[in-house]
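Undergrad:
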Ligand code: AMP
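Residue numbers (the working numbering): 102 to 494.
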């Protein structure tokens, strides 16, 4: 059965077509600059990458080209061969604790949640509507980034702010990257045959740490929005909110402008003064660039802070897992994190840690108090699996 896994952004649409239950990726691609000049798309199929420039007025144009390309490539002979479409949705509020089949009520609920994710949910909805117009009879499923964290205790998700903000407006920690954290949790369960206490470090351009117990999220570093927690590529992570009005007055900026700075011009990009891409910052770190040394040390320290905090919350941890772009590919960051945990008797197997590129592997020494693994994430597969399971039930 062919399932499309879709991630629609405001001007982009990423897709992966997966055969299930075999879990085989058939084709994937990205449509970019939708609705703006210079739009193009790339399709990866059979080890080849096809790139084409094409006017994409809106997401519907992208969906049409996507499906016609599948026919042209002889992957399908008609649209009906797409058995289901799974959509990544950023925010499911406290309404959605798991993935759901999309119907009019779900669309209405997701619309209601727009104030909680004003940039993401509308773009995700455009994706849903575009597919709905072109594939009106194909079942579709919503997979929420927040859903996995709905198992957190109240003590973990409440903020110490006026209680009415929570009651009236839903001000609380939601957490994100849930689809990835859940994928890692399930992958570890598959590997171990039982649930263990896990601290998962999803560190990519965006980053969050999650404490997992009995296969459930009990704490996570992102909060009401994805700006909170560890230091990211361009996001600041945890800061003192008091600096916001101060910078507004110093720089004569609006609140929105300062928020843009905190989301887009902060994190590793700001600390390094060089780049948001960890590869560039690591290269400069190796060349002993003082700002990049400080940037990487701060980045690592913040991850360690969360690991230590979650180790206390879990009352001991069995596994620390690393995933996403940095977690899967950066020997240096993993090594620096683990070395800072030496006081807890966490030990690295340096050889096993070297040169892993997105491979599932144990990287801790045999006598490490906590086992450390690299577990490549696969959010697209998770979305496709949820879709497959829901439409076959
Ligand atoms: P993601 O958001 O999960 O796609 O991760 C993207 C980020 O992973 C990039 O911005 C890089 O900072 C980082 N990354 C990818 N490959 C490497 C690598 N070989 N070494 C260090 N960081 C990497």
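Even glycine gets a Cβ: it sits at the ideal position worked out from N, Cα and C.
1) Do residue 182 and residue 103 have their C-beta atoms closer together than 8 angstroms?
2) Counting along the chain, where does the alpha helix (DSSP H) carrying residue 352 start and finish?
3) Give me the Cα-Cα distance between residue 240 and residue 278, rounded to the nearest whole angstrom.
4) Just the C-alpha distance for residue 260 and residue 353, rounded to the nearest angstrom, thanks.
5) Do residue 369 and residue 379 come within 8 angstroms of each other at the CB atom, strictly closer than that value?
6) Give me, in chain order, the residues of the same chain whose beta-carbon lies closer than 8 angstroms to that of residue 436; leave out the 5 immediate sequence neighbours on both sides.
7) Give me the residue from 351, 200, 285 and 424 with the minimum Cα distance to residue 307.
8) Do residue 395 and residue 372 have their C-beta atoms within less than 8 angstroms of each other?
9) Helix, strand or coil: how does DSSP classify residue 218 here?
10) Could you check whether residue 310 and residue 338 sit closer than 8 angstroms to each other, using their CB atoms as the reference points?
11) Within the continuous alpha helix (DSSP H) that includes residue 257, where are the two ends?
12) Answer yes if the stretch 190-207 comes into contact with the stretch 143-154, meaning at least three C-beta pairs across the two stretches below 8 angstroms, and no otherwise.
13) Note the first and the last residue of the continuous beta strand (DSSP E) segment covering residue 269.
14) State yes or no: is the C-beta of residue 291 nearer than 7 angstroms to some heavy atom of the ligand AMP?
15) Buried or exposed: which applies to residue 237, given that a residue is buried once 16 or more other Cβ atoms fall within 10 Å of its Cβ?
16) With hydrogens ignored, establish whether the beta-carbon of residue 110 is closer than 7 angstroms to any heavy atom of the ligand AMP.
17) What distance in whole Å lies between the Cβ atoms of residue 304 and residue 418, which are believed to be in contact at a cut-off of 8 angstroms?
18) Please work out which residues of its chain come closer than 6 angstroms, Cβ to Cβ, to residue 446, disregarding the five sequence neighbours upstream and downstream, and give them in chain order.
19) In chain order, what residues of the same chain have a beta carbon less than 6 angstroms from the beta carbon of residue 231, not counting five sequence neighbours either side?
20) Which term fits residue 391, buried or exposed, when burial requires 16 or more other beta carbons within 10 angstroms of its beta carbon?
21) Are three or more beta carbon pairs between the stretch 438-445 and the stretch 318-325 nearer than 8 angstroms?
22) Which residues does DSSP pair with residue 394 in a beta bridge?
23) Can you tell me the Cβ-Cβ gap for residue 157 and residue 140, rounded? I've got them flagged as a contact below 8 angstroms.
24) Once you ignore the five residues that flank residue 403 on each side, which residues in its own chain have a CB closer than 7 angstroms to its CB?
25) What I want to know is whether the C-beta of residue 371 ends up closer than 7 angstroms to one or more non-hydrogen atoms of the ligand AMP.
26) From this set, 408, 400, 133 and 434, which residue's C-alpha is nearest residue 152's C-alpha?
TA: Per the coordinate set shown:
1) yes
2) Start and end: 344-352.
3) Taken atom to atom, the span from the alpha-carbon of residue 240 to that of residue 278 is near 24 angstroms.
4) 29 angstroms
5) Yes, the pair counts as a contact, with Cβ atoms nearer than the cut-off.
6) 449, 451 and 454
7) 424
8) yes
9) The answer is coil: DSSP assigns residue 218 none of H, G, I, E or B.
10) No.
11) Element bounds for residue 257: 255-258.
12) Output reads no: the stretch 190-207 does not touch the stretch 143-154.
13) Careful: residue 269 lies outside any beta strand (DSSP E), inside the alpha helix (DSSP H) at 264-270.
14) no
15) Answer is exposed; the Cβ neighbour count stays below 16.
16) no
17) Cβ atoms of residue 418 and residue 304 stay farther apart than 8 angstroms, at about 17 angstroms.
18) 470
19) 160, 161 and 164
20) exposed
21) Touching, no.
22) According to DSSP, residue pairing for residue 394 in a beta bridge does not occur.
23) Contact flag correct, Cβ pair sits at about 4 angstroms.
24) 331, 332 and 338
25) Residue 371 Cβ: outside cutoff for every heavy atom of the ligand AMP.
26) Out of 408, 400, 133 and 434, 133 has the C-alpha closest to the C-alpha of residue 152.
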